[in-house]
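Chains as they are written, first to last, in the working numbering: chain A, 913 to 1167; chain U, 73 to 760.
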C-alpha cells in the first residue's frame, strides 16, 4: 500500500457571504510510496500551496480524501491533529519559518519539546542530525546571526528530528543562493537515500530535477508526470524544461 | 498633478491607518480637552463676590496642573507619534520608491499634522467646553462651595490650547522630517520588519536597578519623621523610577535567562514558549512596561494621597482646632495668670451670650530644646555652631502637667513628687534635666514611672514634626520649678525668660453664626484686657488669641484639600488615558508580531488551544507585571505618605491605608478593563 494516497481532491474557496467562489483544486489524485522523492511543479496559482496545506492537514478539502500511512486525515479529530502533524510530518519552508526567539538548538528542539520529550533524549537525537547537516557549531546562535543556507539546514534538522513519515518541503530553495541551493538539494538526496520520503513543491526546474518523480499541476489538476529512473540530473533538467514549455503553450499531453 | 492631490492623499492616509491613527488623534483630543479645562479653571472667572480668596486655591492648583499637563503632553505626543511613524515606515518607503520625493512626502506629512491639529486641538477645545461646566461643578462640590455657576467661554484658554498644541504637533512634525531625512527608501521599506536581536544581559544595569530600587525602598522603610520624609521623598521617587527602568530592562532579562539556563524547567512546553517569548518581548517593551508601571504608580500615589487628605480634612481640623472655640496664649511666671480662673471667666462670658458650654479642654505646657546623652537631658547655654544638620537635631521636649494630660486624653496619671511619664523611654527609668554647661548648672532628678503611647501628640508640636518627646510632670509646681531652673541658668547665658503656653478649648451648642457672635463679644471693644480674677486683680499675659474651628477655617481647609483632590482625580484620569493608549499600541504591535510566530508554531505541531493559552498567559504576565510592581511601589510609598500627611495634620494612618487600598482596588479594575478591551484587538489581529 502507498504511504501517501491522494484521491480526487477538490477544493473550492468561497467568500464568506457565498458570493464568488474560486476552484483551487479540481481533481487531484496521486500516490507516494515509502522512500520516494517527489517534486510537484506548477506555476503560481496552479494550486500547489493549497495542495500542500491539505496534505499538511492545515486545510480541509471540499471533496476527496488524503491517506497518510493508511490514516484518513479528515477522520483525525481536531485536537489530535497537531500531535499527528508533529509525529508524522516534517516541514521545510521557503522562508525557513524559524522563530527569532529561539536559538538554533531550541528551534530544532521545538517539536520534541512540544511532544514532551526529556532534554537528554532530545540532545541524543540532535547529535547525528546536526553532524550530518553541518550545523554542529552554530547550535547556540540565533537565527538572525546565521546565513540563509544555515537557516534552511536548521529547518531541515527541525523537520527530521521527530523521525517523520513524510517531509513536506515548500519551495525550499526559493530564498537561497545557488551554492546553498546545491548544498540543500544534495542533502535532500542523501536523506532520501537513507529512506526518508520527501514531497517537495517547487517551481525551480533545478530543484525538481533532483527528485525521482515530478508531478505537474495546472489549473488544479495533475497534468503530467515524469519519472527520473536512470536519467542523470541534466537529462532530467531537459525533460522538465520541455514539459514546462508544453504546459505553458497550453498543450494537453498525458504520458 | 492636481493641487488637491497631497491634501487628499494625507486624508486617505489618516483613514487607512485608522487602527493607529485614530487612537493618536483621540490622545491629542483628550490631552487638548484636559489642557483647555485646566487653563480655563485656572483663569477663575467664576469667583463670585466674596469667595475670590477661596477660589484662589483652585486657580493655583490648576496652574500647577497646566504646567504638569503641558510637559506631559509634549513627551506623550512625541512618544505616540514615534510609534505611529515606525509602523508607517514601510508605507512612506513605498511612496518614495514609487517616485514621490522626500519633499512631497514631507508635504503629505504636513497636511496630516494640520488635520490632526484641526481635529485634535479643535475637537479637544470643544469637548473641553462641554465638560468645563461639569468639571467646575465637581471642583466646587469637592471644595464645598455652591456648585451652580453660569457657563462662560474663556477666550484666553482657547487661544493658549490651540497655540500650545500647534507647537506640540509642529515639534512632532519636525521630528518626522528628521527621521525621513535620515532614511533611504530601501531602509524605509524594510523599516517595520527588521530582525529583532536577542537582548544582551546587562549585569551592570541589573545591579544598578537592584541598588536604586533597594535604596528607594530603604528610604521609605527607614525614615521615621515627616521632615526627613519630605526632604528625601523626591530622592526616593527618583531612585525608584531609575530602579523601575533598570528592573524592566535588565533585571527581568537576567532572571529570564537564568530560567532558560535551567534545562529541566526550560524544556517544558509552556515554559519553553513563555520564557523565550518574554525575553524577546522584554527587549522591545521594557521601556513601555516601565512607563506603564510608573504611570500607574503616579496615578495611584496621586489619587490615594489627595483622597486621604480630602477625607482626612475633618481629622486635621480637629487636630488643629480641638474644640469649637480655641483660646491660645502665653504668660510668664512673674505675671498674674491662672488658667482655671481664665476658664471660669470665659465660660461665664460664653454663657452670657446664651450658649451652653458642653465640653472643655485645658492644658499648659512649656517646651525646651534639649540634647540627650544617656539619661541626661541638657539645655545648652551656647547654641550649636553653624546650621543645624538634619541628623543632629535637638530633642524638642514638651513638658505637660498630669492635669493637662487628663484633660486631653481623659486618662489620669498617678504621679508623685519626682516622678514623670514620657513618650520617650529613658534607660533605667532615671532622668536628669540639666540647665547650662558648667559645674554650676542647675539640675532636676526624676524617675520615669510610665511610658506614654508613642502616638500621643499635640497639634502645637505635631506640625513642627521635629524630634519631639512629651514629658508629663506631676503638677504645675513641678512645671514652675523647671522653668525657674531654666530662668536661673538663662540669666548667665542671656536666654530670654521662659514662659508657659496654655490652651483652652470650649465646645458649645451654638451654631456657626452664634459662635461668631461670641467671638465678637469676647474680643470686642470691652475685650479680655479688662479681665480680673476672683480677688479683683487684673489678669496678665503676653499673648492670647481665639480661633473658631467652624466657619472660615473649615471652609479654607475644604477649599485647599478639595481643590487638591480635584487636581489629583483630574490628572489621574489623564494619566490613565495615556496608559490605556500605551497598552493599546503594545497590544497591536505584539499582535502583528505574534501572528507570524503563531503560524509557525502551528505548522510545527502546536494546537491552536495550546498556542492561545501560552500566548495568553505570557501576555497576561507581561501586562500585569507593571501593575504588580506598581502595587509594591505604592505599598512602600505608603510609609512615606503616612508621614507626609502628618504635615497636613492628618494622623489617621488607618484612613490613609484604606485610601491606598481602595485606590489600588479601583485602579486594578480600570486596568483590567483597559486590558480586556485592548486584548480583544490583539486576538483579532492574531487570529486573522
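By construction, the Cβ of each residue, glycine as well, lies at the ideal position given by its N, Cα and C atoms.
Remember, it's a predicted structure, so these values are computed and weren't measured experimentally.
Within this structure, are the beta carbons of residue 522/U and residue 437/U separated by less than 8 Å?
no
Closest Cβ-Cβ distance between residue 140/U and chain A: below 8 Å?
no
Closest to residue 981/A by CA distance: which of 1001/A, 1050/A and 921/A is it?
1001/A
Closer than 7 Å at the beta carbon, the chain A residues around residue 344/U:
1025
Selected residue, minimal CA-CA separation from residue 970/A, among 755/U, 673/U, 727/U and 684/U
673/U
Inter-stretch contact at 8 Å, needing at least 3 Cβ pairs: the region 1119 to 1126 of chain A / the region 1136 to 1154 of chain A
yes
Does chain U have any CB closer than 8 Å to the CB of residue 1087/A?
no
Can you tell me where the alpha helix (DSSP H) with residue 300/U in it begins and where it stops?
298 to 318
Integer Cβ distance of residue 389/U from residue 629/U, believed to fall under 8 Å:
6 Å
On a CA-only basis, which of 486/U, 494/U and 520/U is nearest residue 502/U? Give me that one, please.
520/U
Members of the region 981 to 993 of chain A that neighbour chain U once the beta carbon cut-off is set at 7 Å
991
Would the region 399 to 408 of chain U and the region 645 to 664 of chain U be scored as touching if the rule is three or more Cβ pairs under 8 Å?
no
Coil, strand or helix - residue 742/U by DSSP:
helix
Using the beta-carbon of each residue, which ones in chain A are nearer than 7 Å to residue 679/U?
991 and 994
What number of angstroms, rounded off, separates the C-alpha of residue 938/A from the C-alpha of residue 756/U?
32 Å
Whole angstroms are fine: how far does the CA of residue 418/U sit from the CA of residue 481/U?
22 Å
Using DSSP's beta-bridge definition, name the partner residues of residue 922/A.
975/A
Output the distance between the C-alpha atoms of residue 625/U and residue 379/U, rounded to the nearest integer angstrom.
20 Å
First through last residue of the beta strand (DSSP E) which encompasses residue 108/U
Run containing residue 108/U: none in the beta strand (DSSP E); it sits in the alpha helix (DSSP H), 90 to 115.
Only counting the same chain, and skipping five residues up and downstream in sequence, which positions put a Cβ closer than 7 Å to that of residue 86/U?
93, 184 and 187
Assuming contact is defined by CB atoms lying nearer than 8 Å, are residue 585/U and residue 620/U in contact in what I supplied?
no
Report yes or no: do three or more beta-carbon pairs, one from the region 283 to 290 of chain U and one from the region 305 to 322 of chain U, lie closer than 8 Å?
yes
Report the residues of the region 327 to 343 of chain U with a CB closer than 8 Å to any CB of chain A, ordered along the chain.
335, 336, 339, 340 and 341
Inter-stretch contact at 8 Å, needing at least 3 Cβ pairs: the region 1019 to 1036 of chain A / the region 952 to 968 of chain A:
no
Note the first and the last residue of the continuous alpha helix (DSSP H) segment covering residue 1154/A.
1145 to 1161
Please work out which residues of its chain come closer than 7 Å, Cβ to Cβ, to residue 251/U, disregarding the five sequence neighbours upstream and downstream, and give them in chain order.
157
Starting from the C-beta of residue 81/U, find all residues in its chain whose C-beta is less than 7 Å away, skip the five residues before and the five after it, and write them out in chain order.
180
Which residues in chain U sit within 8 Å of residue 1011/A, going by Cβ to Cβ distance?
348, 669, 672 and 673
8 Å contact criterion, which residue 709/U and residue 292/U should meet: CB distance rounded:
7 Å
Using a Cβ-Cβ distance cut-off of 8 Å, determine whether residue 1022/A contacts chain U.
yes
Simplified DSSP state of residue 502/U, which is helix, strand or coil
strand
Determine whether the beta carbon atoms of residue 773/U and residue 702/U lie at a separation below 8 Å.
This structure does not reach residue 773/U, given that chain U is present from 73 up to 760, and the question cannot be answered.
Assuming residue 467/U contacts residue 443/U (C-beta within less than 8 Å), just tell me the rounded distance between them.
7 Å
Who does residue 439/U pair with in a DSSP beta bridge?
470/U
Under three-state DSSP, which class holds residue 665/U?
helix
Should residue 691/U be flagged as near chain A, meaning a C-beta pair shorter than 8 Å?
no
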